[in-house]
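In the order they appear, the protein sequences are chains W and Z.
Counting in our numbering, the first sequence runs from -13 upward without gaps.
Counting in our numbering, the second sequence runs from 61 upward without gaps.
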Amino acid sequence: MAEVRAEMVANVWKVVVREGDTVSEGDTLVILESMKMEIPVLAEDDGTVAQLKVGEGDVIQEGDLIAVIDD
Amino acid sequence: MLTETLGPVLVANRGEIARRIIRTVKRMGLRAVAVHSEADADLPFVREADEAVLIGPGNPAQSYLDAGKVLEAARATGARSVHPGYGFLAENVAFARAVIEAGMVWIGPAPEAIDRMGDKINARNVMEAAGVPVAAGTREPVTDLSLALRAAESIGYPVMVKTAAGGGGIGMSVAYDDEGLGKAYDQAARAAARFAGSAGDALDGPAVLLERYIERARHVEVQILGLPGGRVVALGERDCSVQRRHQKVVEESPSPGITPELRERMLAAAVRAGEAVGYAGAGTVECLVDADRQDFVFLEMNTRLQVEHPVTELVTGVDLVELQLRVAAGESPEVPAEPAGHAMEFRVYAEDPKRFFPGPGTITAWEEPVADGVRVDSGYEVGNTVTPFYDPLMAKLCVRGESRADALEKGRKAVAAFTVEGPKNNLPFCAELLENAEFVAGDYDTGLVARMRA
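See the structure below:
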């Protein structure tokens, strides 16, 4: 199980995956936006999206949980 | 003085550029009106204006990009002119027209000139017709991937893929093959859709363009000023080849990478470009220089003041905002012939210095360097919060030396003397750059930062 956390304050611009989706290493989970920059958040391993904690338009803080990936 | 007819001047921007414009407006004896979002209420530009109007929440779409709210603030404060700065509404044709229709002076080129240059495909075609060299590329908007693949085949890889509208490097990327083009096209199309959304324009599909990509390119741009009566003059060039994610980090003038002969050709082409669109006021003609072949092509024209304009001011001695105001008021100001010395600008971004990811936060310490030949244009001070709503530019650290070596040395000292605590910042990157062999030698291209981080 791997937790994916935010590296910075950002807005959630796009949520690309849904809970239950199978993902591979390098797949985009969500796209954040901060300071006019799109920051894709990627899966670090193959697995299944067990939990998705953010929705489009949310403002998230550094360290906030974005998703949990089960392997 | 004709400029008296411009006051009060509404400054439709924020941060360092609003502060910098307000400074000149006040020095010229005019009243300055600021507009600001809730997120920016504590920033210095709000306090330094003679009057400030809150126009909405932090989200720029509901404040700085909302033309209606900005116009309402202008009317309410009795403003007689509007200076848009850069970004936000600066290249928004409908906004420029609305300002003029409301009986105010637009401190910028005619809306028609913004319109012709705002679409990069159209701009390319206008420039080509005016005899300004352009890179091999698409002449019509590319609206789907199959068109993109066909265009790439005839141009030849690698190709640069970008949106026809917008700027700031957003949506731009290089493709080396068909597979890469798929990704690059998607990214540009997404960005194009967003630009269309924010500008409120109705577009038939995303407008993307493809151009031949020059591998070892320098980004060199020419500052122009169009005077009433149609004469256009060039005020030297700026080399903006230090870039990350196709966005500028450091600029210098003169460019260490072009011969006097090439400089002369580029300045002449920039004047032709300005004259071709009847340009009035300050503008920038951006070019790509093939460092190996000492040749150049037109990239795009920015119909506004540039972030990096202080570099030109430091070597020419002019105040570009003052020149903008004078031209907008119908004056024909004197423009100096020859630049002197060497200037550099370091953009102090709120981002980590390794990967350049945004790092907003509250500023707990802020100390600017003070020395001969050092100029700092900052948008923040201690206690302010750098929020995720806006671009990461906190300040511009500028130096002027008698020679390039002198400017490098002044730059090193000034970077070391600049203290920022709280948000992440790229001052360590600037210090590293100032010791980098390629940069120190002046022999670098737009791939420099990627090589430093390889």
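Note that beta-carbon positions come from the ideal geometry of N, C-alpha and C, so glycine has one too.
Where do the ends of the alpha helix (DSSP H) carrying residue i lie?
i, result
"Asp175 (chain Z)", "171 to 178"
"Ile77 (chain Z)", "75 to 87"
"Gly472 (chain Z)", "This sequence places Arg at residue 472 (chain Z); Gly is not what is there. It spans 464 to 477 - the alpha helix (DSSP H) in which Arg472 (chain Z) sits, taken as one unbroken run."
"Ile215 (chain Z)", "205 to 215"
"His369 (chain Z)", "369 to 376"
"Arg511 (chain Z)", "508 to 512"
"Pro488 (chain Z)", "487 to 493"
"Val(-10) (chain W)", "Premise fails: Val(-10) (chain W) lies in the beta strand (DSSP E), -12 to -9, not in any alpha helix (DSSP H)."
"Ala294 (chain Z)", "Per DSSP, Ala294 (chain Z) belongs to no alpha helix (DSSP H); it is in the beta strand (DSSP E), 292 to 304."
Can residue i and residue j be called in contact, C-beta distance under 7 Å?
i, j, result
"Phe406 (chain Z)", "Leu457 (chain Z)", "yes"
"Gly419 (chain Z)", "Lys484 (chain Z)", "yes"
"Val219 (chain Z)", "Arg278 (chain Z)", "no"
"Val45 (chain W)", "Glu(-11) (chain W)", "no"
"Glu42 (chain W)", "Val1 (chain W)", "yes"
"Leu269 (chain Z)", "Ile160 (chain Z)", "no"
"Val459 (chain Z)", "Ala467 (chain Z)", "yes"
"Gln39 (chain Z)", "Gly338 (chain Z)", "With chain Z represented from 61 up to 514, any question about residue 39 (chain Z) goes unanswered, as that position is not in the structure."
"Leu494 (chain Z)", "Gly471 (chain Z)", "yes"
"Ile423 (chain Z)", "Val408 (chain Z)", "no"
"Asp100 (chain Z)", "Arg83 (chain Z)", "no"
"Ile115 (chain Z)", "Glu151 (chain Z)", "no"
"Ala78 (chain Z)", "Phe105 (chain Z)", "yes"
"Val192 (chain Z)", "Phe356 (chain Z)", "no"
"Val292 (chain Z)", "Ala248 (chain Z)", "no"
Looking at the C-beta of residue i, does it have a partner C-beta in chain Z at a distance below 7 Å?
i, result
"Val40 (chain W)", "no"
"Val2 (chain W)", "no"
"Ala67 (chain W)", "In the structure as shown, chain W begins at -13 and stops at 57. Residue 67 (chain W) is therefore absent and cannot be evaluated."
"Val(-2) (chain W)", "no"
"Val(-5) (chain W)", "yes"
"Met(-13) (chain W)", "no"
"Ser10 (chain W)", "no"
Cβ of residue i less than 7 Å from any chain W Cβ?
i, result
"Asp451 (chain Z)", "yes"
"Val268 (chain Z)", "no"
"Pro420 (chain Z)", "yes"
"Ala262 (chain Z)", "Low local confidence applies: a pLDDT of 41 at Ala262 (chain Z) is under 50, so the model's placement there is unreliable, with the coordinate-based value given in what follows. No, no contact with chain W."
"Pro117 (chain Z)", "no"
"Pro448 (chain Z)", "yes"
"Arg513 (chain Z)", "no"
"Ser258 (chain Z)", "Per-residue confidence for Ser258 (chain Z) stands at a pLDDT of 47, beneath the threshold of 50, marking its modelled position as unreliable; no derived number is given."
Can you tell me where the beta strand (DSSP E) holding residue i begins and where it ends?
i, result
"Arg407 (chain Z)", "402 to 409"
"Leu62 (chain Z)", "Taken as a continuous stretch (DSSP letters only), Leu62 (chain Z) belongs to no beta strand (DSSP E), as it is neither H nor E."
"Gln384 (chain Z)", "Premise fails: Gln384 (chain Z) lies in the alpha helix (DSSP H), 380 to 388, not in any beta strand (DSSP E)."
"Arg435 (chain Z)", "434 to 438"
"Met326 (chain Z)", "Counting along the chain, Met326 (chain Z) falls outside any beta strand (DSSP E), though it belongs to the alpha helix (DSSP H) covering 320 to 336."
"Val16 (chain W)", "14 to 20"
"Phe417 (chain Z)", "Counting along the chain, Phe417 (chain Z) falls outside any beta strand (DSSP E), and DSSP gives it neither H nor E."
"Phe358 (chain Z)", "355 to 362"
"Val459 (chain Z)", "453 to 461"
"Val35 (chain W)", "33 to 38"
"Glu427 (chain Z)", "425 to 427"
"Val500 (chain Z)", "Counting along the chain, Val500 (chain Z) falls outside any beta strand (DSSP E), though it belongs to the alpha helix (DSSP H) covering 497 to 501."
"Gln283 (chain Z)", "277 to 286"
"Asp56 (chain W)", "51 to 56"
"Thr447 (chain Z)", "Premise fails: Thr447 (chain Z) is in no beta strand (DSSP E) and is neither H nor E."
"Leu28 (chain W)", "23 to 28"
Cβ-heavy atom distance between residue i and the ligand MN below 6 Å?
i, result
"Glu405 (chain Z)", "Only the bare structure without any ligand can be found here, which leaves the ligand MN out of the picture."
Checklist entry - In the region 224 to 259 of chain Z, which residue ranges form an unbroken alpha helix (DSSP H) of at least 4 residues, counting only runs that do not cross its ends? => result 238 to 259
Checklist entry - Is the region 131 to 140 of chain Z touching the region 65 to 82 of chain Z in the sense that three or more CB pairs, one from each, lie closer than 8 Å? => result yes
Checklist entry - Does the region 99 to 117 of chain Z touch the region 183 to 199 of chain Z, meaning 3 or more C-beta pairs lie closer than 8 Å? => result no
Next on the checklist: Counting beta carbon pairs with one atom in the region 279 to 287 of chain Z and one in the region 380 to 392 of chain Z, are three or more of them shorter than 8 Å?
Outcome noted: yes
Checklist entry - At which residue ranges does the region 118 to 197 of chain Z contain complete beta strand (DSSP E) runs of 3 or more residues, listed in the order of the chain? => result 141 to 143
Checklist entry - Can we say the region 356 to 364 of chain Z touches the region 165 to 176 of chain Z, given the rule of at least three CB pairs closer than 8 Å? => result yes
Checklist entry - Counting Cβ pairs, one atom from each stretch, are 3 or more of them under 8 Å apart for the region 13 to 28 of chain W and the region 433 to 453 of chain Z? => result yes
Checklist entry - Is there contact between the region 290 to 299 of chain Z and the region 309 to 322 of chain Z, where contact requires at least three CB pairs shorter than 8 Å? => result yes
Checklist entry - Is the region 185 to 192 of chain Z touching the region 329 to 342 of chain Z in the sense that three or more CB pairs, one from each, lie closer than 8 Å? => result yes
Next on the checklist: Under 8 Å: do the region 502 to 509 of chain Z and the region 419 to 435 of chain Z share three or more Cβ pairs, one atom per stretch?
Outcome noted: no
Next on the checklist: Would the region 241 to 250 of chain Z count as touching the region 211 to 226 of chain Z if we require 3 or more Cβ pairs under 8 Å?
Outcome noted: yes
Next on the checklist: Quick test of the definition: if touching needs 3 or more C-beta pairs under 8 Å, does the region 80 to 95 of chain Z touch the region 111 to 129 of chain Z?
Outcome noted: yes
Item to check | alpha helix (DSSP H) segments (min. 4 residues) lying fully within the region 93 to 119 of chain Z | outcome: 104 to 108
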